[in-house]
Structure formats: C-alpha cells, structure tokens
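Participant: My questions all concern the structure below.
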Amino acid sequence: MPHRQGTPPAPDPEAGVRGMLVAYATRPGVPDEIWEAPGRIRPVWRPFLRHLAQQDPAALDRAFARGDQYLNDAGVFFRQYIPGAGGTERAWPLSHVPVILSEDDWAGIEAGLTQRADLLEAVCADLYGEGRLVRDGLLPPQIVARNPEWLRPLVGVRPRGGHYLHFLAFEIGRNPDGTWFVLGDRTQAPSGAGFALENRLATARVFADFYPGAGVARIAPFFDTFREALQALQAPSGGRVAILTPGQLNDTYFEHAWIARYLGFMLLEGEDLTVLGGQAHVRTVSGPRPVSVLWRRQDAAFCDPMELDPASALGTPGLVAAVRSGHLAVLNALGSGVLETRALLAFLPALAQSLTGAPLKMPNIATWWCGQGAERDWVLRNLGRVNLGDALTHRLPFDADAPMRPGDAPGMADRLQAGGDDLVAQERVILSTTPAFVDGALVPRPMTLRVFLCRRADGGWAVMPGGYARIGRSDDPAALAMQRGGSVADVWIAGQRAQAAAVRSPVQSPRAIVRMPAGLLPSRAADNLFWLGRYVERAEGTVRTVRAYHLRLAETGRAPSSLTGAIGDYLSGFGIDPEQSVPQALLRDLDSAAACASKVRDRFSVDGWAALTDLQRTAGDLAARVVPGDDCARAMGVLLRKIAGFAGLVHDYMYRFAGWRFLTIGRALESADRVAAQLAAFTADDTPEGGLDLCIELADSVMTHRRRYAGAATRETVIDLLALDPENPQGLAFHLSSLRAQAELLPRARSGTGGDGGAMPRLVAAAMRAETGLVTLAPEAVSVPVLLALRADMAAMSDVLSADYLG
Amino acid sequence: MLYDIRARFVAAYDPPAGSGRQSVRLTPATVPGVQRLVSGLVVFDPAPDERADHADFWGNAVIEGVWRRDHAEAVVTLAARVERLAAADPLDLSPPLPRLAAEVQRVRDLGPEAPHHFLGASARVGRSQPIADWAVRVARAAGPGATVLALVRRLGRALHGMMRFDPAATTVETAPEDAFLARQGVCQDYAHILIAGLRSVGVPAGYASGFLRTLPPPGAARLEGADAMHAWVRAWVGADMGWVEYDPTNDMLASEDHVLVAVGRDYADAAPTQGVLRLSGRQAVRHMVDVVPVG
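Residue numbers (my numbering), protein chains in the order written: chain E, 3 to 809; chain S, 9 to 303.
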C-alpha cells in the first residue's frame with residue numbers, strides 16, 4: 003500500500019511537557035501542585051508548562067537573570083541574622099517558577115480565610131472585652147493569663163473604628179486530598195505583602211512573553227484598597243496616617259520603607275512620635291503634627307515603655323494612653339498578637355461553632371493543648387503521630403528558631419506526664435511540593451502559601467490574590483525558612499475571570515489627578531539627611547586634599563618646611579592620618595553617610611542608594627591596595643568622580659521637598675567650613691611656597707583663575723575668587739548664599755525658638771549675617787581671623803539648626 | 009485606726025531632664041471591710057503640663073503627669089487620710105496544697121482577682137531554680153496535709169529567718185534570685201523571693217505595695233521599713249478564703265499597721281513611681297514617708 007502523501011503530524015506540544023517532567027520525581031503520598039492525579043497535569047498549569055518546555059536553556063537563563071536584575075535594581079533585600087555576627091543584607095531569594103492555582107481553588111481559600119479573619123476578630127474582641135470565652139469554659143484561662151502577648155493595659159479599651167484586626171496573613175498548606183489547611187495565623191504585624199508585589203514584578207519580567215496573556219489576577223489593587231481603608235480610618239478632627247517601623251536593623255525594613263513609599267504614608271520610628279494631650283504627634287521640622295492612624299510593623303510590647311515593656315528603647319511613651327483616649331487607631335490593635343498563640347489552634351474549631359454558628363470552612367493543623375487530661379492522654383497514646391512544642395509561642399510549626407520535636411523523642415513522654423500546660427501537640431503534616439528550577443531542571447520542593455487579607459473601608463475583607471509562597475531548600479519542611487536558605491516564589495491565580503477582567507480594563511481607568519499636600523518631614527529624617535549631606539561633602543574635601551598631598555609627595559617627598567608637610571599637618575588637624583593612603587577617617591565618613599542614608603531609605607531613590615554604597619565599597623577596596631604617591635592620587639580621582647556622580651543624582655533628580663533642603667544645607671555648611679579652613683591654613687603669611695596655588699587647585703578653579711586674573715596668583719586674587727565671588731560654585735560666598743536661600747525656604751521654625759510673630763527664623767538670620775558680613779569686605783580685609791570667625795559661625799548655625807528643627 | 013499619711017518623692021536630674029512622663033501609684037486603696045480612703049491628694053511640682061487619672065488592669069489608681077519643658081527636680085507629694093480596720097487572725101479555711109490546683113482550675117475568670125495571673129513568670133519574678141528548690145523543701149517538710157495558708161506562713165517565716173534586712177545590699181533593680189543567694193535585701197526583695205517560692209509550689213502569689221505605720225505600739229519593737237514605702241505579699245489560698253496578705257519582712261499577716269496602695273504580679277505592676285524621661289544625664293531619687301495615727 004503506497005504511503006499517503008501529506009504534511010507530517012504537528013509536533014505534540016504535550017510531548018515536550020512530558021519530556022520536561024520525566025525527571026520531576028515527586029514522592030509517593032506527597033501531593034504536588036502540578037499533578038492533579040498520577041499522570042494528569044492540573045489544567046491551570048498546562049499553558050505555563052508548554053511555554054516553559056519550549057524555552058531553550060540559554061533563553062531561560064537570560065530570563066531568570068532579568069528577574070534577578072530587576073530585584074537587584076529595585077534594591078530588594080532582607081536582613082539575615084548570623085549568630086554572633088549580627089545581621090547582613092541579603093538579596094531577595096526568588097524562586098523563578100511561580101506557583102499556579104486555579105480560580106476555583108482560590109475561591110475556596112478566600113472563603114475559608116475570610117471566615118477565619120472574622121472569627122479571629124471576634125476572639126480578639128472577647129479577650130479584650132467581655133471575657134465570655136473563658137467564663138463559658140471555651141478557653142482555658144491560663145492560655146490567656148500566662149500569655150505574654152495578652153496585654154493587660156489594653157483590656158477594656160475599644161479600638162477607634164471598632165475593629166481590632168485590619169491586616170492579616172495566613173500560612174496555609176495543601177493536604178494530600180487536595181484541600182487546604184491553616185498552619186498559623188499572623189495577626190501581630192505580618193510581613194511579606196510588599197515583597198509579594200516585588201515577587202510579581204520580577205516574575206512577570208522573567209516570563210515576559212507569557213505573563214501578559216496568562217490571565218493572572220493582579221495584586222496591586224489590593225494595596226489601593228488598603229490605602230483607602232487607612233485613609234477612611236483618619237479621625238474626623240484630622241491627623242495623618244503613618245507607618246511605624248522598628249528601624250533599619252529589622253529583617254524586613256526594606257518592606258517597611260517600600261510600603262511607605264508605595265502607599266505614600268510617612269514611615270516613622272517610635273522616637274518620631276510624641277503624645278501630647280492624649281494625642282499622638284509626629285515631631286516634624288515644622289513642629290508636632292497629629293497622627294490619628296498608625297499601621298505598626300513592630301511588636302506591640304515595644305510600642306510604649308510606660309505601659310508595655312519598660313525596657314523598650316523603640317517605643318513612644320504614652321502611646322497606650324493615646325489609644326485609650328480614642329484619638330489614635332493603631333492597627334492591628336495592640337495586643338492582637340495573642341491570637342498567634344499556638345495553643346489557640348486547639349480551640350478555634352470549637353470557637354468557630356460557638357461564635358459563628360458554623361464549622362471552620364478551612365481546618366487548621368490538628369492541635370492538642372496538653373494542659374487538659376483527656377487531650378494529654380490521647381497525645382501520650384499517639385506520640386508517634388505528633389510533634390510537641392511550646393504552647394504559648396507564636397512561632398509557626400516549621401520555624402527554625404522554635405523547632406517542634408517529635409512526640410516520640412526521648413524525654414517528651416516524661417515532660418507530658420509532669421504536666422502539659424506549656425506543651426501542645428500538632429499532627430505531623432505533609433506539605434505539597436511545587437516545581438523549582440535547580441541546576442537546569444525542575445525539582446519538587448515543599449511549599450506553603452502566605453495569604454494576605456486587609457479590611458476594606460466598608461469593614462469587609464479583601465484578599466490579595468496570590469503573590470507569596472515559601473519554597474523549601476530541600477525535602478525537609480523546616481528548610482522553608484528564608485533564614486535557613488529557603489526561597490520565595492510568586493503565586494499566580496489564573497483563569498477566565500482574571501482574563502475577562504483584563505479585557506474589560508486593559509489599562510488603568512483614568513483617575514482625576516489629586517496632588518497631595520507636601521508631605522511632612524519628621525525631624526529624625528531631616529537630621530539624617532542633613533548629616534548625609536555633611537558626611538558626603540566632608541568625604542569630598544578629604545579626597546581632594548589627600549589627592550593634592552600625594553601628587554606633591556610623588557614629586558618632592560615629605561619635608562617639614564615644604565608645602566607637602568603643611569598639607570600633612572592640615573590633614574592631621576582634622577584627624578586624618580596622612581600616612582594612610584586611603585585614610586581611615588575617610589572610610590568612617592563614608593560609613594556614616596551610608597548609615598544616615600540607610601535610615602531614610604523611604605525618602606531616597608534606589609539609584610542614589612546604589613551610588614552611595616558603590617562609593618563606600620570602592621573606597622574600601624582601594625584602601626586595601628593603593629600605595630602612596632601617584633597611585634593614591636589616581637585612586638582619589640576615582641573616588642572624586644563617584645562622589646560627583648552621587649551628588650549629581652541628588653542635585654538633578656531629587657524633588658525639592660524639605661528633605662532635599664536639609665541635605666543641601668548640610669552640604670553647603672560643610673563646604674563653606676572647608677573652604678574657610680583651607681583659606682585660613684594656606685593663605686597665611688607663613689604658608690610655604692605654593693599655598694595659594696594649592697587653594698585654587700583644591701577648589702577645582704585653576705582654569706577660572708587663569709581666565710579671570712592676569713598673572714600669578716596673589717592672596718587678593720585667591721580670596722576674591724574663592725571667598726567673595728558669588729559665581730564660583732566652589733567658593734565661600736556661593737555656599738553661604740545657597741545655605742541662606744535654602745534656610746529661607748524651610749518650613750517655619752517652631753514657635754518659641756525664634757519663629758514667633760513673623761520674626762525671622764534664627765537660622766535665616768544667622769546665615770544672612772554670615773553672608774553679608776563676608777561679601778561686603780574687600781579681599782585684603784578677609785584675614786585669617788575673619789575666616790576663623792566664619793568657621794565659628796558655621797558651627798553655631800549647625801547648632802541652631804539642630805535646636806530649631808531636629809530636636 | 010485612722011492615719012494621716014505624708015509621702016514625698018524627689019527626683020533630681022543632672023543635667024535637667026527634657027520632656028518627660030511619669031505615672032504614680034501612691035493613693036491608698038479602698039478595700040471594703042478592710043480599709044477606706046477618707047481623702048487623698050497627689051501633687052506634682054513643678055506642675056505638669058498635662059495630668060490624667062485612670063485605673064490600671066489591677067484596679068490601682070494611676071495618676072500620670074506629662075512635662076514638656078526642662079526641669080531639674082520633680083517632686084511628688086501625697087497627703088492622705090485613711091481608715092484601716094483591725095483584722096482578727098483569720099480562721100484557716102484553706103485546702104491542703106494538693107487540692108489547690110483544682111480550685112484554681114475551677115475559677116473561670118480573668119478579672120484582676122483571678123488567681124491565673126499569679127502563677128506564671130512575671131516581669132520581675134521569673135522562675136528561679138534555687139528559690140524553687142528551697143520552696144519545695146519547705147513544702148515537703150510541712151507534709152501533704154498542711155493547708156495552703158499554713159504553708160504561706162511557714163515559707164514566709166523560713167525566709168524571714170534566713171534573710172538579713174539591709175537597705176544597702178540591693179537596689180530597686182535587684183533580681184529576686186540574687187537577693188535570695190546573698191540572703192539580704194529589703195522588703196521588695198523579701199516579697200519577690202516569697203512570690204517566686206509560692207508560685208513554684210503552685211500557690212498564686214502577687215505583690216502589694218503600701219505604707220506601714222511608723223510608731224510602734226507600746227512595748228513593741230519598731231518595725232523595719234517604716235521610713236520608706238513598704239511591700240508585702242498576697243497569696244491566693246483557695247476559693248473559700250481567696251487572697252490573704254502576708255508581710256515576710258516582719259513575719260506577720262498584714263494588719264492594722266499595713267495600708268494598701270497598689271497590687272500586681274510584682275513590683276513592675278505596682279511601682280509607686282514609674283517614668284520615662286528624655287534624659288542625657290543622671291537621675292537620683294529619694295523618698296520620705298510618714299504614717300501618723302490620728303487621735
């Protein structure tokens with residue numbers, strides 16, 4: 003029979019997928035996100051797997067690199083604790099393959115977690131209100147009474163707005179039968195929502211060819227919903243919304259700064275707040291301003307040393323009083339951390355029946371509190387099926403820092419026999435696996451989802467559709483923790499509804515432009531920006547002087563009477579050791595600059611931060627290898643260009659808000675002081691030969707001087723150009739004028755400190771006196787004593803600025 | 009007995025403190041059938057910019073002052089008149105120790121009087137093995153039939169016998185275990201040690217702060233601690249008797265001489281003064297107390 007002519011069969015797209023999954027070895031009895039049943043891929047995964055199977059390895063590597071580059075550019079990091087060595091910033095550990103869930107799966111999760119959020123709200127209201135649950139025997143009293151998170155000063159205090167809980171996260175896992183269960187409730191100050199959006203942005207870049215048409219639900223609207231809800235909570239009498247962070251040493255500070263920038267709310271630390279007349283205020287450069295809504299990202303115990311933990315250095319004295327007075331809404335409510343207690347999981351199923359009249363739609367991990375006789379006996383008979391751990395901890399079952407131990411481990415039975423009040427047992431659970439790309443191949447890794455809920459302005463709950471999964475580093479579920487090398491993946495909720503929504507509104511619906519009033523600048527942020535300006539400028543001065551020193555050292559060597567010697571003495575006078583090629587003092591100033599910037603990351607562009615850390619790193623690298631003389635002079639040139647790059651970013655790109663003015667004043671003040679010091683040191687009568695040229699060189703004004711003055715430099719021409727000429731951007735008059743101009747534009751100084759009744763703020767007056775005092779002088783009158791007096795004026799101005807704006 | 013009580017706390021700051029916030033628990037309590045506050049006045053000097061009163065979780069009256077300006081010295085004075093009724097030694101209705109746990113368990117309540125608050129570790133009284141060993145030894149020696157009240161007195165007497173009262177030996181910050189191991193301290197240390205001991209054998213125990221009459225009754229020795237604020241112990245000795253107050257510094261049940269001000273789990277809950285100041289320098293606190301019987 004002749005072979006029929008025709009086109010060859012189209013390549014079977016499923017064949018590529020099957021080939022890719024041949025080596026994807028799931029474990030028997032362990033559910034997997036890809037496989038619905040052996041050999042059957044869940045429909046929601048099929049388009050993505052087909053896409054993945056078509057990529058060649060090199061293209062995939064490039065795609066992953068795109069995602070990592072995005073995270074790097076965006077400056078996404080978390081802080082990792084290393085025992086004995088403190089913390090260090092680590093790149094965000096993104097697992098590039100998303101977890102994909104169907105809309106139907108997700109609808110069940112939403113319903114279960116919304117019910118659970120309402121249940122937790124009711125439990126919280128009872129524990130801080132009526133106390134019916136304990137009275138009716140539904141909760142053992144000691145679980146509450148011995149709980150460090152049950153905060154007695156908050157008992158009987160109703161939250162303004164009526165709700166205790168506003169922003170929650172749930173850690174959930176999938177059962178072998180495909181259903182979901184809750185591993186833990188995060189009600190104190192859940193983190194991760196900001197990272198979820200970064201996961202999404204990075205993953206969408208990795209799969210840039212596929213994502214737009216994949217019908218994935220968007221997660222950004224969730225943040226808009228919460229922003230509106232926070233604004234709706236503001237007191238009728240006014241008072242802003244702010245976010246409270248424990249500061250840049252916290253492991254998720256990046257997220258705090260990120261969320262503050264994204265939502266457009268102030269990011270505050272405890273010391274930024276003061277309580278006056280029962281009302282919380284933020285200390286700003288314009289004086290105290292009321293705050294009526296505080297979204298806290300720190301544990302409650304640290305919030306108020308007066309009524310909570312007296313040892314807390316992070317807190318705001320009187321914050322609880324402000325809550326009690328009804329002026330301030332703190333969310334989640336102070337004390338809501340009690341709901342995270344592990345032992346509570348043993349009682350929530352019954353509490354659901356009692357409080358809502360319905361069973362839990364989504365169960366939580368089976369938990370037994372061993373303080374009850376019957377439960378303890380059951381656990382003793384089933385030690386091989388459970389893990390045991392602290393009853394009152396808020397840690398999740400897999401947390402590395404509070405590990406649970408197998409019930410049949412040595413000694414556990416004895417501990418139970420001795421009394422189980424402080425122990426809970428939890429069933430040993432299996433987590434589903436999901437694909438991760440490891441060494442060029444897909445491998446199954448255990449995972450949990452973190453699902454975020456926020457309370458809408460109308461009081462109901464909104465659920466963030468996906469965004470965050472924790473992925474284990476190995477088969478061991480304990481390896482989920484990021485601190486232990488686990489990673490994080492995006493979660494896509496895909497299906498027809500998201501597809502349809504994307505078609506309905508392909509672009510953002512146009513919104514009326516609302517220009518927000520200029521933001522308030524907290525005094526602490528202003529302080530850090532001011533000192534950032536000073537440190538960077540100080541570093542620049544050092545770099546220029548060190549370069550001049552080493553250029554001459556290369557030519558003449560150091561002799562006491564020579565100019566080189568005089569420069570060395572000048573450097574020593576500022577605590578800079580001229581024997582060190584890259585002086586330690588310079589590295590310290592750059593470290594200080596970076597430290598200041600790290601405290602105001604929410605007000606600072608990602609590029610600016612990158613430029614600063616690059617500068618700091620380069621200086622450190624150079625310090626290890628440059629040698630005195632020409633080599634060092636060249637190294638200083640490198641640093642100078644990097645400093646100029648940073649300064650350019652600040653000058654050209656930063657919006658002229660009050661924070662920029664403080665930074666600029668810091669730079670101007672430091673520069674003016676430096677020029678005055680140089681002129682005083684190197685234009686004196688006893689300065690060695692070449693001092694005048696050195697001044698011109700340090701001010702980068704060699705060509706200008708040649709063009710403006712005929713002949714060699716004299717003391718008069720140097721003073722004229724570097725002290726009096728208002729057009730020379732490296733000159734004293736220029737710095738003083740820019741200082742005065744920015745001081746005039748600052749918000750009014752606080753009353754009682756020179757800003758009363760229309761009088762001129764003290765800083766402006768001082769700046770004006772210094773400027774006019776100088777520019778009206780003839781060059782020959784600008785003597786060394788005059789220059790030294792100017793330096794004293796600078797120091798006084800710095801003090802006035804601190805007292806009037808930063809205190 | 010009717011008492012006039014004068015107390016004066018002076019905090020000196022060098023250099024002057026900036027803004028600050030201080031709360032005081034100084035006003036004697038009213039306890040029906042035991043003690044009645046006739047009048048009480050707390051005055052701050054310099055006058056605070058704000059002043060607010062509230063009752064804390066334990067029902068203690070708290071007065072809070074807020075200062076916004078520099079001050080080099082802050083003085084708090086109390087002037088109060090209190091009626092304290094004499095109490096006969098109570099009839100011991102408390103159960104033997106082995107039955108106490110069940111009685112605690114039957115209390116389904118988290119109000120301030122509930123025993124559940126007073127069994128676990130608290131801010132200033134954590135678990136201490138040496139104190140627990142000692143308390144268990146004393147409880148064993150008392151035998152399984154001893155009532156809880158008898159045990160409280162026995163443990164208190166044992167403590168009183170082994171400790172030396174020495175105001176120079178400890179500070180307000182001293183941990184109970186350190187005072188216990190050094191065998192010396194003041195009323196606060198005695199109270200914290202006894203609280204830790206009682207809790208470790210399962211007796212709910214808390215802290216009482218108040219005043220002690222200055223002048224001894226005729227023929228009796230002067231009671232130590234009378235020139236300062238005093239502290240003693242509350243123990244929950246079963247459902248029938250509830251709370252009893254015992255003074256380990258003087259080895260006696262609280263009597264007509266004891267005027268109660270504040271209660272809590274330990275000193276941190278009942279501290280007479282507690283404050284947060286923006287301070288750059290040192291702070292020195294001293295206080296003076298007079299308790300004078302009237303008529």
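Ideal Cβ placement from N, Cα and C applies to all residues, glycine included.
These numbers were taken from a predicted model, which means no experiment stands behind them.
1. If you count every other CB in all the chains shown that lies within 10 Å of the CB of residue 508 of chain E, and 16 or more means buried, which is it?
2. To test your reading of the DSSP string, which unbroken beta strand (DSSP E) runs of 3 or more residues are found completely within the segment 123-149 of chain E?
3. Does residue 759 of chain E pass the burial test, meaning 16 or more other C-beta atoms within 10 Å, or should it be called exposed?
4. Report all residues from its chain with a CB closer than 7 angstroms to the CB of residue 141 of chain E; omit the five preceding and five following residues, and keep chain order.
5. CB-CB under 6 angstroms to residue 114 of chain E, same chain, minus the five flanking residues each way: which ones, in chain order?
6. Taking the alpha carbon of residue 20 of chain E as the reference point, which residue from E:124, E:633 and E:50 has its own alpha carbon closest?
7. Looking at the structure shown, is residue 58 of chain S part of a helix, part of a strand, or coil, going by DSSP?
8. In angstroms with no decimal places, state the Cα-to-Cα distance between residue 208 of chain S and residue 614 of chain E.
9. Pair every Cβ in the segment 391-407 of chain E with every Cβ in the segment 341-359 of chain E, then say whether three or more of these pairs are closer than 8 angstroms.
10. Quick check on residue 1 of chain E: buried or exposed, where buried means 16 or more other Cβ atoms within 10 Å of its Cβ?
11. Do you know how far the Cα of residue 259 of chain E is from the Cα of residue 206 of chain S?
12. Tell me the start and end of each unbroken alpha helix (DSSP H) in the segment 673-739 of chain E that is at least 4 residues and wholly inside, in chain order.
13. What residues are listed by DSSP as bridge partners for residue 12 of chain S?
14. Taking the alpha helix (DSSP H) that residue 137 of chain S belongs to, which residues open and close that run?
15. Output the boundary residues of the beta strand (DSSP E) element that contains residue 450 of chain E.
16. How close, in whole Å, do the beta carbons of residue 299 of chain E and residue 246 of chain E come, if the pair is a contact with beta carbons under 8 angstroms?
17. Any idea what DSSP makes of residue 587 of chain E, helix, strand or coil?
18. Of all the residues that make up the segment 117-141 of chain E, which are near chain S by a beta-carbon distance shorter than 7 angstroms?
19. Within 10 Å of its beta-carbon, does residue 794 of chain E have 16 or more other beta-carbons around it, so buried, or fewer, so exposed?
20. If the cut-off is 8 angstroms on Cβ atoms, which residues from the segment 311-335 of chain E count as contacting chain S, listed in chain order?
21. Quick check: what's the CA-CA separation for residue 256 of chain S versus residue 214 of chain S?
22. On the DSSP letters alone, give me the boundaries of the beta strand (DSSP E) that residue 182 of chain E sits inside.
23. Kindly indicate which residue of E:473, E:79 and E:125 has the alpha-carbon position closest to the one of residue 34 of chain E.
24. Mind listing the chain E neighbours of residue 65 of chain S? Cutoff is C-beta to C-beta under 7 angstroms, in chain order.
25. Grab the span of the beta strand (DSSP E) containing residue 255 of chain S for me, first residue to last.
26. To the nearest angstrom, report how far apart residue 52 of chain E and residue 523 of chain E are at their CA atoms.
27. Have a look at S:196, S:302, S:16 and S:176 and flag the residue whose alpha-carbon is nearest the alpha-carbon of residue 82 of chain S.
28. Taking residue 146 of chain E as the query, report the chain S residues whose CB atoms sit under 7 angstroms from its CB, ordered along the chain.
29. Ordered along the chain, which non-local residues of its own chain (more than five positions away) have a Cβ less than 7 angstroms from that of residue 203 of chain S?
30. In chain order, what residues of the same chain have a beta carbon less than 7 angstroms from the beta carbon of residue 652 of chain E, not counting five sequence neighbours either side?
31. Take the Cβ of residue 253 of chain S as the centre, count every other Cβ of all protein chains shown within 10 Å, and call the residue buried at 16 or more, exposed below.
32. How far does the alpha helix (DSSP H) with residue 202 of chain S in it extend, from its first residue to its last?
33. Please report how far the alpha carbon of residue 215 of chain E lies from the alpha carbon of residue 79 of chain E, in whole angstroms.
34. Counting beta carbon pairs with one atom in the segment 767-780 of chain E and one in the segment 713-733 of chain E, are three or more of them shorter than 8 angstroms?
35. Hey, out of E:139, E:266, E:278 and E:205, whose CA is closest to residue 76 of chain S's CA?
36. So which of E:717, E:68 and E:230 has the shortest CA-CA distance to residue 461 of chain E?
Facilitator: By the coordinates alone:
1. Taking the first residue of the first sequence as 1, we reach residue 508 of chain E at position 506. Any reading at residue 508 of chain E must be qualified, since the residue scores a pLDDT of 43, below 50, and its modelled position is unreliable; the value itself is stated next. Classification for residue 508 of chain E: exposed.
2. none
3. Within the first sequence, the letter at position 757 stands for residue 759 of chain E. Caution is warranted here: a pLDDT of 46 is assigned to residue 759 of chain E, below 50, making its placement in the model unreliable, and the coordinate value is therefore given only provisionally. Answer is exposed; the Cβ neighbour count stays below 16.
4. Here the question's residue 141 of chain E lines up with position 139 in the first sequence. Excluding residues within five positions, the ones whose Cβ falls inside 7 angstroms are 135 and 349.
5. Residue 114 of chain E sits at position 112 when you count from the first residue of the first sequence. Hits under 6 angstroms: 363 and 364.
6. Along the first sequence, one-based indexing puts residue 20 of chain E at 18. When each option's Cα is compared against that of residue 20 of chain E, the closest is E:50.
7. Numbered from 1 along the second sequence, position 50 holds the residue referred to as residue 58 of chain S. Strand.
8. The sequence position of residue 208 of chain S within the second sequence is 200, counting from 1. The sequence position of residue 614 of chain E within the first sequence is 612, counting from 1. C-alpha separation (whole angstroms): 56 angstroms.
9. Output reads yes: the segment 341-359 of chain E touches the segment 391-407 of chain E.
10. Since the first and last residues shown for chain E are 3 and 809, residue 1 of chain E lies out of range.
11. Here the question's residue 206 of chain S lines up with position 198 in the second sequence. Here the question's residue 259 of chain E lines up with position 257 in the first sequence. If you draw a straight line from the Cα of residue 206 of chain S to the Cα of residue 259 of chain E, it is about 48 angstroms long.
12. 693-700, 704-710 and 717-721
13. One-based indexing of the second sequence puts residue 12 of chain S at position 4. According to DSSP, residue 12 of chain S shares a beta bridge with S:89 and S:300.
14. Residue numbering aside, residue 137 of chain S sits at position 129 when the second sequence is read from its first letter. Segment 137-150, the alpha helix (DSSP H) holding residue 137 of chain S.
15. Counted from its first residue, the first sequence places residue 450 of chain E at position 448. First-last of the beta strand (DSSP E) with residue 450 of chain E: 443-457.
16. The count along the first sequence starts at 1 and reaches residue 299 of chain E at position 297. The count along the first sequence starts at 1 and reaches residue 246 of chain E at position 244. Confirmed, about 6 angstroms.
17. In the first sequence, counting from the first residue as 1, residue 587 of chain E sits at position 585. In the structure shown, residue 587 of chain E sits in a helix (DSSP, three-state: H, G or I).
18. 133, 136, 137 and 139
19. For this step, residue 794 of chain E is matched to residue 792 along the first sequence. Sixteen is the threshold: since fewer than 16 other Cβ atoms of the shown chains lie within 10 Å of the Cβ of residue 794 of chain E, the residue is exposed.
20. 312, 319, 320, 323 and 326
21. What you label residue 256 of chain S is simply residue 248 of the second sequence in a count that begins at 1. What you label residue 214 of chain S is simply residue 206 of the second sequence in a count that begins at 1. Approximately 13 angstroms between the Cα atoms of the pair.
22. By 1-based counting over the first sequence, the position of residue 182 of chain E is 180. From DSSP, the beta strand (DSSP E) with residue 182 of chain E extends over 182-188.
23. In the first sequence, the residue the question calls residue 34 of chain E occupies position 32. Measuring from the Cα of residue 34 of chain E, the nearest candidate turns out to be E:473.
24. On the second sequence, residue 65 of chain S is found 57 positions in, with the first residue counted as 1. Correct list: 154, 155 and 157.
25. Residue mapping note: residue 255 of chain S aligns to position 247 of the second sequence, counting from 1. Its beta strand (DSSP E) spans residues 251-255.
26. Taking the first residue of the first sequence as position 1, residue 52 of chain E is located at position 50. Taking the first residue of the first sequence as position 1, residue 523 of chain E is located at position 521. One C-alpha to the other measures close to 51 angstroms.
27. For this step, residue 82 of chain S is matched to residue 74 along the second sequence. Here the closest residue by C-alpha is S:16.
28. What you label residue 146 of chain E is simply residue 144 of the first sequence in a count that begins at 1. Near residue 146 of chain E (Cβ distances below 7 angstroms), the residues of chain S are 118.
29. Taking the first residue of the second sequence as position 1, residue 203 of chain S is located at position 195. Excluding sequence neighbours, residue 203 of chain S sits near 133, 213, 214, 215, 241 and 274.
30. Walking along the first sequence from the start, residue 652 of chain E turns up at place 650. Within the same chain, 610 and 665 come within 7 angstroms of residue 652 of chain E by CB-CB distance, once the 5 residues on both sides are set aside.
31. Translated into positions along the second sequence, residue 253 of chain S becomes position 245. Residue 253 of chain S comes out buried.
32. Locating residue 202 of chain S in the second sequence gives position 194, counting from the first residue. Segment 195-208, the alpha helix (DSSP H) holding residue 202 of chain S.
33. Sequence index remark: in the first sequence, residue 215 of chain E carries index 213 (1-based). Sequence index remark: in the first sequence, residue 79 of chain E carries index 77 (1-based). Straight-line Cα distance between these residues: approximately 29 angstroms.
34. Segments in contact, yes.
35. Here residue 76 of chain S refers to the residue found at position 68 when the second sequence is read from its first residue. Nearest of E:139, E:266, E:278 and E:205 to residue 76 of chain S, Cα basis: E:278.
36. If you number the first sequence from 1, residue 461 of chain E lands on position 459. Looking at the Cα atoms, E:230 is the closest of the given residues.
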